[in-house]
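In our numbering, the protein residues as written are 114 to 476.
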Ligand code: TXA
Ligand code: MG
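Shown next, in the form of structure tokens:
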């Protein structure tokens, strides 16, 4: 068991396997009881695993911040079990918001709305707005409904690490810190929900996810892109990226962006450079045609170009590289440059290199 710091919750962490199509009643009842009385329960959603607490229970919510080592001013998403419950926790919900939840809930969409007073400041970090989501996972919905309270839940990783897509990932980050993990198998989507700020007009996309900006615009018209949404990073030749580092493996991730041919040439050049420095190297590729000649102590993963499969496997792969103790991950950019996968890779990167092979790789 890891070292306990003062203030940590010293618990034996139980992992219980739950049937994802037809959750065992007893497991749900026990977990719901634990949540209601202020305990912390990790549970599967369709996106990633969440670290849940009773969203109306201030001291329970505080335990989440401790377990995750999360900065206090980073607010949580409140998970609800029925669409109509939005009016219990939000006020002045716009027609556009109602349309969005009619189309996309239950599902991987989080809406930011004006909050009602009863929501503790611990959930919203003192903001006047609240993030709400109804997940599309039978276990999650059964748990929320049985508990009878909204469930505040961030992704169940230690802050800054890749989000967990299996119960084993949660266990790895959270053992000894939380009471219970419900194991509902691998998360289907693999990337966190799309977040849209609906407290402003027009709505603003705060975090891209499986539900794309275009899909949202088809329902509500124009959606603005958040300026902080790090797409601007691509315009810089190199970025220290540290300010944005997130979803990050322990290894140093170097992201190479450009045309497919330039990417491959640049990664091969980097491979030679880091081999000479005796670094243990991992390569994360997406282009099926790119064959890298790796040595025995090097780790190559090619996730392919299918967006659903690559999304599902991305965080798992970043954790796999860490489990293999690589020092450096050389990552190809995903072929669709504005896909949510690229948003996560850019945030995970220590360095972004724009490859330009016209006069040899620009390293
Ligand atoms: O798919 C998901 O959304 C997963 C599953 C568990 O539901 N949850 C998740 O939570 O990714 P978390 O805490 O890792 O990310 C929530 C994001 C944070 O970046 C937080 O800053 C933002 O939502 N957020 C929460 N409340 C907000 C608010 N009132 N205004 C703007 N952003 C908010
Ligand atoms: Mg998170």
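Every residue, glycine too, gets a C-beta built ideally from N, C-alpha and C.
Keep in mind that this is a model prediction, so the values were computed, not measured.
Under the three-state DSSP convention, the category residue i falls into
{"i": "residue 323", "result": "coil"}
{"i": "residue 443", "result": "strand"}
{"i": "residue 437", "result": "coil"}
{"i": "residue 192", "result": "strand"}
{"i": "residue 127", "result": "strand"}
{"i": "residue 308", "result": "strand"}
{"i": "residue 158", "result": "coil"}
{"i": "residue 153", "result": "coil"}
{"i": "residue 430", "result": "helix"}
{"i": "residue 68", "result": "Here the chain comprises residues numbered 114 to 476, so residue 68 is not present and cannot be evaluated."}
{"i": "residue 330", "result": "helix"}
{"i": "residue 259", "result": "helix"}
{"i": "residue 336", "result": "coil"}
{"i": "residue 459", "result": "helix"}
{"i": "residue 137", "result": "coil"}
8 Å Cβ shell around residue i - same chain, five flanking residues per side excluded
{"i": "residue 422", "result": "416"}
{"i": "residue 440", "result": "364, 365, 387, 392, 393, 394"}
{"i": "residue 133", "result": "157, 250, 251, 252, 297, 298"}
{"i": "residue 390", "result": "none"}
Nonlocal neighbours in the same chain, by C-beta distance under 7 Å from residue i, ignoring five residues either side
{"i": "residue 333", "result": "209, 212, 213, 316"}
{"i": "residue 276", "result": "161, 268, 270, 305, 360, 428"}
{"i": "residue 452", "result": "420"}
{"i": "residue 284", "result": "126, 128, 294"}
6 Å Cβ shell around residue i - same chain, five flanking residues per side excluded
{"i": "residue 319", "result": "308, 310, 339"}
{"i": "residue 223", "result": "190, 244, 246, 306, 308"}
{"i": "residue 380", "result": "369, 443"}
{"i": "residue 414", "result": "397, 430"}
{"i": "residue 403", "result": "377"}
Residues bridged to residue i (per DSSP)
{"i": "residue 371", "result": "None, per the DSSP bridge assignment."}
{"i": "residue 251", "result": "For residue 251, which the question treats as bridged, DSSP gives no partner whatsoever."}
{"i": "residue 223", "result": "308"}
{"i": "residue 414", "result": "397"}
{"i": "residue 450", "result": "DSSP, once it has assigned bridges, lists no residue as partnering residue 450."}
{"i": "residue 265", "result": "166, 191"}
{"i": "residue 317", "result": "310, 337"}
{"i": "residue 242", "result": "227"}
{"i": "residue 296", "result": "130"}
Residue i vs residue j beta-carbon contact at 9 Å
{"i": "residue 186", "j": "residue 238", "result": "yes"}
{"i": "residue 169", "j": "residue 231", "result": "yes"}
{"i": "residue 362", "j": "residue 432", "result": "yes"}
{"i": "residue 229", "j": "residue 265", "result": "no"}
{"i": "residue 235", "j": "residue 175", "result": "yes"}
{"i": "residue 131", "j": "residue 137", "result": "yes"}
{"i": "residue 295", "j": "residue 126", "result": "no"}
{"i": "residue 201", "j": "residue 263", "result": "yes"}
{"i": "residue 372", "j": "residue 468", "result": "yes"}
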